[in-house]
Each structure stands twice: as structure tokens, then as C-alpha cells.
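In the working numbering, the protein residues as written are 38 to 392. A virtual CB, placed ideally from N, CA and C, is assigned to each residue, including glycine. Reviewing the structure listed below.
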């Protein structure tokens with residue numbers, strides 16, 4: 038296992054929402070560790086639970102959400118013991134910060150860029166107005182805002198989408214958090230700007246040493262930024278490993294399907310691979326393996342009994358009956374052979390990011 042310090046440890050997390058008098062179980066007994074200075078990518082289709090899981094780290098679940106089971110340990114305390122927003126202020130933003138998908142939902146359109154950064158610095162670092170302004174301008178320069186001192190008093194509408202996202206990152210880093218959660222931070226941007234933002238986050242992580250959680254559906258990005266990868270499906274982690282293990286030696290049929298769906302694997306004039314069917318309704322109790330109805334390799338037991346995690350290496354595990362010694366031998370699709378090498382080669386040529 039990693040020799041790095043565990044900075045956050047989630048155990049057996051269950052998240053439920055009340056929707057029209059019914060209960061939807063969005064997260065089903067998820068356990069996860071975040072390690073100091075590493076990047077964990079959480080991947081999966083929309084609705085798999087990626088964002089909901091990380092919202093439990095910052096107390097940002099919607100009002101109809103609840104966590105009936107689990108523990109989240111951070112700095113020696115169980116975050117699920119925090120009961121109000123006042124207590125969360127010591128964690129949210131200050132120690133665990135989030136960069137969201139659309140910067141315009143994070144920025145106040147009627148306040149200057151500079152005032153929005155200095156407010157955070159004054160509140161969490163106790164700096165004077167002038168000290169906060171100096172720190173803010175330095176942060177703006179670090180995230181690639183040219184002529185930052187002159188642009189300090191401008192408003193969000195005067196910035197491009199990529200520049201606004203850089204400002205959101207600057208605000209998130211203003212408190213020097215231990216953990217930075219990036220929730221689809223490049224989806225709304227064009228391909229060239231996506232690559233710049235991803236590289237910026239990597240560079241800042243190297244400089245400041247924070248842990249990054251990357252929520253994304255784009256496995257092309259994952260190949261370039263992640264140390265570890267958690268694959269989520271229907272509210273559960275179904276495979277977890279290092280980025281090399283997930284790309285070179287994936288074990289779960291859902292991971293195979295995700296990798297086969299990469300736009301980078303497409304051939305001109307041919308249809309892209311698509312996963313058939315839809316995820317199960319999480320209003321209902323899931324019987325067996327949630328992916329079974331969409332899994333061309335499914336066995337009878339997949340429809341009857343939930344698989345345990347099978348340990349493949351100290352850092353790699355997958356939740357599939359195919360790893361049981363009694364299961365028939367099944368090889369991954371040939372389309373994903375040597376995938377990591379092919380993706381990193383594309384990225385180095387400037388063609389690796391696709392939303």
C-alpha cells in the first residue's frame with residue numbers, strides 16, 4: 038500500500054435522498070482513502086454518485102439528503118459529527134476546497150474579481166485588506182492571469198471562460214487547503230483550454246502539495262493526471278487501483294466498457310462503442326451485481342448475489358465475480374490493449390482531451 042499519509046478516510050458511507058415520498062440510495066457502502074499529495078480520479082457515468090460522494094467531505098449535500106451510515110475521518114475527527122454550517126466553516130473552503138464545473142455559478146457577477154479573492158483571504162487567513170490584496174494578485178499571477186494588478190478590479194463578465202475557471206482555482210487555493218476537489222472542472226471549456234487548466238492544477242499541486250480529487254467522465258484526462266483511480270457505478274466503487282493498473286490491467290467489465298467508449302479509440306467513419314442499457318434505479322434495492330443487466334460477460338450469480346471485492350494487488354481491487362477462482366476465464370476486449378501508452382502518446386501530441 039502507499040507509504041504516504043492518509044489525509045481523509047471514508048468508511049461504509051451510505052447517502053440517501055427523499056424524493057416524492059420515496060428513498061433513493063445514491064451511495065451504497067463506499068469506503069475510500071485519500072493520500073497526501075496524490076491525485077485520485079473518480080470516474081463513471083452521470084448519476085453514478087461521483088459528486089454526491091465528495092459532497093459528503095464538505096457537508097454540501099442537498100437538504101433532502103442524509104447519511105444514515107458511515108464515518109469520514111479528517112484530522113482525527115469524524116466529519117459526520119458536524120451538525121451545522123458554522124462548524125463546517127472550519128473545514129469547507131479552508132481545509133477542503135472545491136472547484137466546480139461552471140465558474141459562473143461560483144463567482145458573484147456583480148462583485149469584482151479581486152474582492153472575491155480578498156474576502157476569502159481576510160476571512161480565513163486573518164490578513165489586512167492590503168495584505169489580502171497583495172496575496173490575491175500573487176495568486177492571480179500564479180494561475181496565469183496576465184497583468185493581474187490591472188485586472189484586479191474587473192468583473193467576471195470581462196474574463197473568458199478559461200480565465201474565470203483560473204480565478205475559481207485561485208479562490209479555492211487562497212486558504213491553502215489540504216484537499217482540492219475538482220468537480221468536472223474543464224467540461225465547459227474548449228479542448229485547448231481544458232489542457233491548460235489540467236496542467237495548471239498539476240503544477241499548483243506540485244508547488245503546494247495538496248491532495249487532489251478529480252471527478253470526471255473523461256478517461257483521457259485521467260491517464261494524464263491521476264495517481265489512483267476509483268471507478269463508480271450505481272453508487273458503489275466497483276474497481277480501484279493505480280492509474281497504470283486501471284489502464285494496463287483493468288478487471289471489471291464496467292471498466293472495460295468505459296475504456297472501450299473512449300472517443301480517442303474511434304475510427305473515422307465508424308460508430309463509437311456505446312454501453313448498452315441504462316443503470317438500475319436506485320429507488321429500488323439492487324439485487325446481485327448492479328452492472329449485470331448491461332454486462333455481456335454476466336453469469337447467473339451476477340443476478341443473484343452482490344460480489345465482494347477481490348484483491349488483485351496491494352493497490353488494486355475489483356468488485357466482480359469474474360475474479361472468483363471458479364469463474365470462467367474471460368479476457369478484456371482487444372480494443373483496450375496498451376491503452377495507457379496510446380493515450381499518453383496522444384496527449385503528448387496535443388490530442389488527448391475530449392469532453
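Provide the residue span of the alpha helix (DSSP H) that contains residue 353, from first to last.
Note, residue 353: premise wrong, no alpha helix (DSSP H); beta strand (DSSP E) at 353 to 355.
Starting from residue 122, follow the alpha helix (DSSP H) in both directions and report where the run begins and ends.
122 to 125
Would you kindly check if the distance between the Cβ of residue 243 and the Cβ of residue 75 is under 8 Å?
no
What span of residues does the alpha helix (DSSP H) with residue 152 cover, start to end?
150 to 162
Please report how far the alpha carbon of residue 229 lies from the alpha carbon of residue 217, in whole angstroms.
23 Å
Whole-angstrom Cβ separation of residue 290 and residue 357, contact assumed at under 8 Å?
6 Å
Can you pull the DSSP bridge partners for residue 70?
46
Beta carbon of residue 158, beta carbon of residue 211: below 8 Å?
yes
For the beta strand (DSSP E) that residue 279 lies in, which residues bound it at each end?
273 to 279
Integer Cβ distance of residue 133 from residue 215, believed to fall under 8 Å:
7 Å
What residue does the beta strand (DSSP E) around residue 348 start on, and which one ends it?
347 to 350
Nearest by alpha-carbon distance to residue 71: which of 207, 249, 253 is it?
249
Spatial neighbours of residue 271 within its chain, please: CB distance less than 8 Å, with the 5 preceding and 5 following residues excluded, ordered by chain position.
65, 85, 86, 316, 317, 319, 323, 327, 328
Just to confirm before moving on: does the CB-CB distance between residue 468 and residue 80 stay below 8 Å?
Here the chain has residues from 38 to 392 only, and residue 468 is not among them.
Does the beta-carbon of residue 203 have 16 or more other beta-carbons within 10 angstroms, so that it is buried, or is it exposed?
buried
Closest to residue 57 by C-alpha separation, out of 298, 102, 354, would be which residue?
102
I need the DSSP call for residue 240, collapsed to helix, strand or coil.
helix
For residue 62, count neighbouring C-beta atoms within 10 Å of its own C-beta (all shown protein chains included) and say buried if the count is 16 or more, exposed if not.
buried
So, under 8 Å CB-CB, residue 267 and residue 251 are touching, yes? Tell me the CB distance rounded to an integer number of Å.
Incorrect: roughly 10 Å between the Cβ atoms, too far for contact.
Go through its chain and collect everything with a Cβ distance to residue 10's Cβ below 6 Å, but skip five positions before and after it.
Since the first and last residues shown for the chain are 38 and 392, residue 10 lies out of range.
Alpha carbon to alpha carbon, what distance is there between residue 111 and residue 361?
34 Å
Name the two residues that bound the continuous beta strand (DSSP E) containing residue 253.
248 to 253
Reduced DSSP secondary structure (H/G/I, E/B, other) of residue 245:
helix
Count the other CB atoms within 10 Å of the CB of residue 55; is the residue buried (16 or more) or exposed (fewer)?
exposed
Could you tell me the alpha carbon to alpha carbon distance between residue 46 and residue 192, rounded to whole angstroms?
39 Å
On the premise that residue 354 lies in contact with residue 277, defined as a C-beta separation below 8 Å, what is that separation, rounded to the nearest angstrom?
6 Å
Using a 10 Å radius around the Cβ and a threshold of 16 neighbouring Cβ atoms, would you call residue 136 buried or exposed?
buried
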